[in-house]
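Notes for the one structure printed next.
2 protein chains.
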Amino acid sequence: MARKILRIKMDDLSYKYEEVPSKWAKWGGRGLTSNIVAEEVDPTCHPLGPNNKLVIAPGWVSGTPAAPSSGRTSFGGKSPLTGGIKESNSGGTSSQKIAKLGLAAIILEGMPKDSKWYVLVITKDGVKFEEANDLLGKGMYEVDEILWKKYPNKPAIIGIGMVGEKKLSNAGISVNDPENKPGRYAGRGGLGAVMGARGVKAIVVDDTGGPGVEIANMDLFKTGRKKLTDAITSHDLTKPGGGLNSYGTNVLMNIINEAGGLPTRNFSAGYFEGASKISGEMIAETVEKRGGGMTGHGCHTGCIIKCSNIYPDEDGNDLVSPVEYETAMSLGSNCGIDDLDYIAKMTYQCDDLGLDTIEAGNTIAVYMDSGALEFGDKEGALSLFDEIRQMTPLGRILGQGVKATAEAFGVFRVPTIKGQSMPAYEPRAIKGIGVTYATTPMGADHTAGYTIAPEIAGVGGKVDPLSDEGKSELSLTFQAATAFIDSTGYCLFIAFPILDIPEGWAGMAESVAGVTGQSITGDDVISIGKEILKVERDFNTRAGFTAADDRPPEFMRYEKLPPHNEVWTVSDKALDEVFAWVNS
Amino acid sequence: MARKILRIKMDDLSYKYEEVPSKWAKWGGRGLTSNIVAEEVDPTCHPLGPNNKLVIAPGWVSGTPAAPSSGRTSFGGKSPLTGGIKESNSGGTSSQKIAKLGLAAIILEGMPKDSKWYVLVITKDGVKFEEANDLLGKGMYEVDEILWKKYPNKPAIIGIGMVGEKKLSNAGISVNDPENKPGRYAGRGGLGAVMGARGVKAIVVDDTGGPGVEIANMDLFKTGRKKLTDAITSHDLTKPGGGLNSYGTNVLMNIINEAGGLPTRNFSAGYFEGASKISGEMIAETVEKRGGGMTGHGCHTGCIIKCSNIYPDEDGNDLVSPVEYETAMSLGSNCGIDDLDYIAKMTYQCDDLGLDTIEAGNTIAVYMDSGALEFGDKEGALSLFDEIRQMTPLGRILGQGVKATAEAFGVFRVPTIKGQSMPAYEPRAIKGIGVTYATTPMGADHTAGYTIAPEIAGVGGKVDPLSDEGKSELSLTFQAATAFIDSTGYCLFIAFPILDIPEGWAGMAESVAGVTGQSITGDDVISIGKEILKVERDFNTRAGFTAADDRPPEFMRYEKLPPHNEVWTVSDKALDEVFAWVNS
């Protein structure tokens, strides 16, 4: 049975199943969400108005048997944070269930005329629109719990917290994990506000009795799957007991700190004296010592990397899952906070309220930089989440993210690009990732083209992070490969093994070819990725983006970053070269 | 003695007088500020960072003997509200005094290293930097009073209120009037925040003993001046006892309301049932009845139009000067408030706190539209200024203007263009002014190309406001003429008589030619104006503006405006035609 598009219209609470038009038939995941958004959403529409849409798509291989670590769901729309196209993807339980219902994508459009709120319940039999007024104002922990009680087949829950209800631009979209905790997020770019603007508090996806995913060429799929699985399980970073499995993403804390690229105190330094106290190693030690929580946690069924963790409180009870490197940076070093317990508590607040943790922590950092709070004041930082929970005016400012907070408090050191704040790698100390931040259609985003692999981790080659040389081409290659991977449903962390192990790269492509029946080999990955990037860049051009938007913030051009005392040096010309091919 | 540029560097508290370079020698007022900003300010700099500048220039004829109504001061910089170039000009006492000191422009640059605040005292002997920490947190009424006590020659005071100190993007720049009240404002675009970011609370300009303005050809100047004066004093709108003199700008309230173009309740209607209660006629009646305040007030020495007023409180005491049409719209009809006393009280708050009244009122309207306050709640609206005065988080939101407030409260009906909110003419009901709002480099601004003259007032011809036809050309002509007039120092209201009386138009040009010695006739006005527009557009292009920024807000394309039930119909192509000549 061919995949279908499920179109849900909130203005009249109707839905229909549509054939996937031939122009979109080749796409999955990000490739599909971006193509739909680019074609169906007016780039000049207001992101919170009636003409924006939220598009949700599982990857090409999601929902197939034992495709390793393939549980990513892609969310797309026009971003209220950047004003451009946005693709944000998440782990958790949703991708496989949507795929197993035979859906290529869900398109959520319109606004309820009566300003009511709804829970959408999607099963093999269609969509039910249930009034959700009783869930309003509730955090995602409670929402997930209530909905699993009400719908007993352990469905996927895609939901928004209070921040999304209020349509604030740092609202993320939560996906529950296998334990029904809300910590998996399509966090970036405010897509939670786009969902909120449709009047949807949560989407319940129950795949019971669904048709499953059709596989065009099972032999090819199995061949590819095995090559990829072998690569993942043999690479030092992704194998069982390897770096990611043992210490999670936060294995990077000490490494990036030593490289002088750890954003610290609102991007005023690249080295944090308290880094080791908030590192992945310290999380593992804490789990060990407190006898609770866990490392090596998987965010979805079938993950074989298992980089997630559950952080325990002082009594050994589960507090929150996961504490990531990005979170430990934004809520930790970037706020001058060296206490994992507080970082975990604030992460819990983010996950419950529906905030992207990167943006949320960086927002507190910029608030501290204004002088309103001391760097390192962990009690003060934690209490800010009460402001957001109560939706005080301060909470509304903070709930919008870094740029809005800087504007409200007169701060001109604003580490954002296209309105989105920077992740955990300082562009002045690691130039290639800065090129990605600046030029990706997504706003400052490490996952859009993770040049950290060769610049720091020595994966896929080894290049000098401080050098400008070759960074445009490096970034483009990573951006294109990423756009492909984001379309597969595979977790981006397969990039580490497949960059180093050619059979893994080929296997990824073959598994996609096996599922879809398309003729795709490893040689096609970059060109297919570039097709996606082109569509996204074109949307942004139509939305009014220019080269001036592909620039790091001004202060990085004149303010030296300790310890290397580097400024941003990559030329505008080099930045413009990254996407010169789009218009040529 | 040739005019000089006074360059003041706040980073080391130094200043110097510079020859006016030949490239700028021809310019005055807006032509000069825009050229300096375009050349000296990086269009990609942060508006509140160290690399933005505030440029202040009197017009060509300001400070000459008896040039009628020629007291406009031009302020320029990169706007924190629009992100583009900004020219905002004001009446009041400053223009003539700066000109009489022999200054073509003042360039204020850099930031004090010690974060201290200063008052700059400019006399014929140079600049004194006086510490201003005792003035911080004080409103402009008190600041003006203190500074006139300290500097007894009745100097011009250019200052910022608390909103500018906090660098919020709706901070205007106050200029005192002849009675030393702070109600004359270069209000729009947040230039008060640019001044605040330089660490300058106020600039005192004492022209005692200054060299005065050199006049190259006194005969020609006198000829032109007489023609212009005759035109002003004979036209129905500008003559003594004419429309503006009797009722002020608010003579428009009933007229625009009848035309269905009066912004009402956050731009949801074009007709306000309470319009007559907040009209210019009602102001005149109130002045008469209460035996206090005045109509026919002049905002600077030598004004012969005298459209300003002083609004009296219930006991007949002066409350605030002036209550303008724009203010009565933004704080009145657009908030659903039909009480002039409250509009006057809120205007006082704006003038004291340092807010642009148009943006401030429209901000309250958008706040009301979010449901946070009822339309028409005048007590509630007035109390919001306490929030701003106390700089509560809500005050910080409101102090930034419409766009920021809409984002904080999840409103998608946002009547802004290039981030600046719309003045008192509904573009759906009066299409030509919408073309000006959309395409002027300044953000939505009626004064940038006041097509209301022919569309409503029957001045300079008569065209149908509801028709799209010919509006691109009409807007461009008005934008170009305005750019010229904004360079002269003459008040824009001379446009009414000179559009109808050809000798007046010629006289304006001849008076400029007489002062500057340039060969300028009435035939050159449009082409000189276009030179200025081109420089401004080019700045915005380099800042990243595109055609997508030259558009009215999306909701006006699909939401019908009563009573005409019109949507915005002017095509994007027609909008793009306005400035097509810039790139051709």
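Protein sequences appear in the order of chains P and E. Per our numbering, the first sequence runs over residues 772 to 1355. Per our numbering, the second sequence runs over residues 772 to 1355. We put the beta carbon where it would ideally sit given N, CA and C, even for glycine. In this text the structure is predicted, and so the values were computed from the model without any measurement.
Beta-carbon of residue i versus every beta-carbon of chain E: anything under 7 angstroms?
i	result
P/Arg1167	yes
P/Ala1179	yes
P/Lys938	yes
P/Ala1319	yes
P/Gly1241	no
P/Gly1172	no
P/Gly1315	yes
According to DSSP, is residue i helix, strand or coil?
i	result
P/Ile1204	helix
E/Ser1039	coil
P/Glu901	strand
E/Asp1089	strand
P/His741	A query on residue 741 of chain P cannot be resolved here, the shown segment of chain P reaching from 772 to 1355 and no further.
E/Phe1146	coil
E/Leu825	strand
E/Ile776	strand
P/Ser1154	helix
E/Ile1129	helix
E/Gln1171	coil
E/Phe1249	helix
Given this structure, state the Cα-to-Cα distance separating residue i from residue j, to the nearest angstrom.
i	j	result
P/Thr804	E/Ala809	41 angstroms
P/Ala942	P/Ser861	14 angstroms
P/Met1053	P/Ser1047	7 angstroms
P/Ser940	P/Val946	18 angstroms
P/Ile893	P/Asp977	6 angstroms
P/Asp1001	P/Gly1278	9 angstroms
E/Phe900	E/Asp1084	38 angstroms
P/Glu1359	P/Ser1092	Because chain P here runs from 772 to 1355, residue 1359 of chain P falls outside it and cannot be looked at.
E/Leu1247	E/Ile1201	16 angstroms
E/Cys1353	E/Val1306	It is Val, not Cys, that sits at residue 1353 of chain E in the sequence shown. Looking at the two C-alpha atoms, the distance is approximately 9 angstroms.
P/Phe1146	P/Asn1133	12 angstroms
P/Ile1188	P/Gly1151	27 angstroms
E/His1006	P/Asn1037	59 angstroms
P/Glu1244	P/Ala828	29 angstroms
Using a cut-off of 9 angstroms between C-beta atoms, extract the partners of residue i located in chain E.
i	result
P/His817	Phe1183, Arg1184, Val1185, Pro1324, Glu1325 and Phe1326
Tell whether a beta-carbon distance below 7 angstroms holds between residue i and residue j.
i	j	result
E/Ile1168	P/Pro1164	yes
E/Leu819	E/Lys938	yes
P/Gly1300	P/Ala1254	yes
P/Glu1130	P/Ser1192	yes
P/Ser1101	P/Thr1035	no
E/Ser865	E/Ala927	yes
E/Ile776	E/Glu789	yes
P/Gly910	P/Met781	no
P/Ala779	P/Leu906	Contrary to the premise, residue 779 of chain P reads as Ile rather than Ala in this sequence. Taking 7 angstroms as the Cβ cut-off, P/Ile779 and P/Leu906 do not qualify as a contacting pair.
P/Gly1062	P/Gly1031	no
P/Ser1258	P/Arg955	no
E/Cys1070	E/Asp948	yes
E/Gly1013	E/Gly1051	no
Is the Cβ of residue i closer than 7 angstroms to any Cβ of chain P?
i	result
E/Pro1164	yes
E/Gly842	no
E/Gly1214	no
Anything in chain E within Cβ reach of residue i, meaning under 8 angstroms, just list it in chain order.
i	result
P/Ala1345	Within 8 angstroms Cβ-Cβ: nothing; P/Ala1345 doesn't reach chain E, min ~16 angstroms.
So residue i contacts chain P; which residues on that side make the cut at Cβ distance below 7 angstroms?
i	result
E/Lys1147	Correcting the residue identity first, residue 1147 of chain E is Gly in this sequence and not Lys. Under the 7 angstroms cutoff, chain P gives no residues; its nearest Cβ is about 21 angstroms from E/Gly1147.
E/Ala1266	None at all; the shortest Cβ gap to chain P is about 32 angstroms.
Can you name the residues of chain E whose CB is closer than 7 angstroms to the CB of residue i?
i	result
P/Gly820	Phe1183, Glu1325 and Phe1326
P/Ala809	Neighbours of P/Ala809 on chain E: none; closest Cβ ~15 angstroms, over 7 angstroms.
P/Ala1209	What P/Ala1209 touches in chain E: nothing, since even the nearest Cβ is about 12 angstroms away.
Given that residue i touches chain P, what residues does it touch there, using C-beta distances under 8 angstroms?
i	result
E/Ala1175	Ala1175, Glu1178 and Ala1179
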